[in-house]
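Quick note on numbering: the sequence shown equals residues -26 to -1, 1 to 124 in mature numbering (1 follows the signal peptide of the UniProt record, and there is no 0). We put the beta carbon where it would ideally sit given N, CA and C, even for glycine. Note that the structure is predicted; figures quoted are calculated from it, not measured. Have a look at the structure below, then the notes.
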Amino acid sequence: MKTFPDCTHGLVAVWLLAALSGTVKAHSWPEEAVRLAPNSAIVGKPGYDRAHDPNGSAGFLISPNGGSKQITPDLKLVRDSQQKLIDASYPEFPMLSVARGDLVAIKHCENGHVSRADQTNPTKPVNRGTIYLHGTTETDLTDIKLMEFI
């Protein structure tokens, strides 16, 4: 399995049933994704999550500027400026193109709540570090709420 030396917290391999188009960033985040051949060799160019902010960037906000810092039922999945995504939306960080059933490897980083769960907060439940990736062919997320994915 290929590893990524600049990301100290590992590589997660998952089967996606559809194209990877976006994720919600929190204390875990994808750095990049690659499509894998059946022998685990990397195929093609890497892709990135929707509206990717490079590691260390302070450009991501879970709610719009001036909005609540809490997750509420009416909070949209993406900001108004990001609702309709096309291949040219973020040319320096293109989306990964995959087909149903392709194997995808995610270069994933996190702040210790998964890899050091017993040290950071031993009172939290087991499996609190489970990561879900949602693939879709739908690129217009105008009416999708964050709570529909949680």
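- Exposure of Met121 is indicated by the presence of fewer than 16 other C-beta atoms within 10 angstroms of its C-beta.
- When secondary structure is reduced to three states using DSSP, Asp117 falls in the coil class, being assigned neither helix nor strand.
- Under the three-state reduction of DSSP, Glu84 is assigned to strand.
- Under the three-state reduction of DSSP, Glu5 is assigned to strand.
- Using a 10 angstroms sphere on the CB of Asp76, the tally of other CB atoms reaches 16 or more, which defines it as buried.
- Apart from the 5 residues on each side of it in sequence, Lys119 sits with its Cβ closer than 8 Å to the Cβ of Pro47, Asp48, Leu49, Lys50, Leu51 in its chain, given in chain order.
- Residue pairing by DSSP puts Ile16 in a beta bridge opposite Leu10.
- About 5 Å separates the beta carbons of Ala7 and Gly21, which is inside the 8 Å limit, making them a contact pair.
- Rounded to whole angstroms, Arg9 and His26 show a C-alpha spacing of 18 Å.
- Rounded to the nearest whole angstrom, the CA to CA distance from Thr116 to Asp54 is 7 Å.
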